[in-house]
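Residue numbers for the sequence shown follow our numbering, beginning at 120 and rising by one.
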Amino acid sequence: MTIDRIWSYAPGTGHVEGQDLTGFTVDGTDGTLGHVDRLADPHGMSHLVVDTGVWVFGRSVLVPVGLVTGIDTEHRTVSLACTKSEVKAAPRFRTDSETLDPHYLTTVGDYYTNLPPREPSTA
120 MTIDRIWSYA PGTGHVEGQD LTGFTVDGTD GTLGHVDRLA DPHGMSHLVV DTGVWVFGRS
180 VLVPVGLVTG IDTEHRTVSL ACTKSEVKAA PRFRTDSETL DPHYLTTVGD YYTNLPPREP
240 STA
């Protein structure tokens, strides 16, 4: 995945422009990560802020929307192309101001872009 694609939804994910995903459950390839707290799109770098609850000591994580592999509006779930441990190891999200910081967002984008590629699911 290229860095510019990490910030936009891939075709076929079920994303609809203007869709509010707030409150949707977020699933990694190996289980539930938390729920969408909010969406942001500063500098054309669209991402989800995911509240992990107690899973990562009550902190939130920032996930570029290019990692979204599917949106199920009926079951209110967002599926990602990464594992829980990969999200946990991402650059730490500390304050809301970071969602507006192009340097921080670039660091996050670089991290996720450099994850090993995944084989498509056969399920």
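Where a beta carbon is used, it is the ideal one built from N, C-alpha and C, also for glycine.
Scanning A208, A209 and Y223 for the CA closest to the CA of D215 turns up Y223.
Shown here, T232 sits in a helix according to DSSP, grouped into three states. Approximately 11 Å separates the beta-carbon atoms of Y230 and L186; this is outside 8 Å, ruling out the contact. With a contact defined as Cβ atoms closer than 8 Å, S179 and D156 qualify at about 6 Å. A check of alpha carbon separations from R213 across L199, T148 and V168 identifies V168 as the nearest. Within its own chain, the residues whose Cβ lies closer than 8 Å to the Cβ of T188, once the five positions on either side in sequence are excluded, are A129, T132, S198, L199 and A200, listed in chain order.
Counting along the chain, V168 sits inside the beta strand (DSSP E) bounded by residues H166 to D170.
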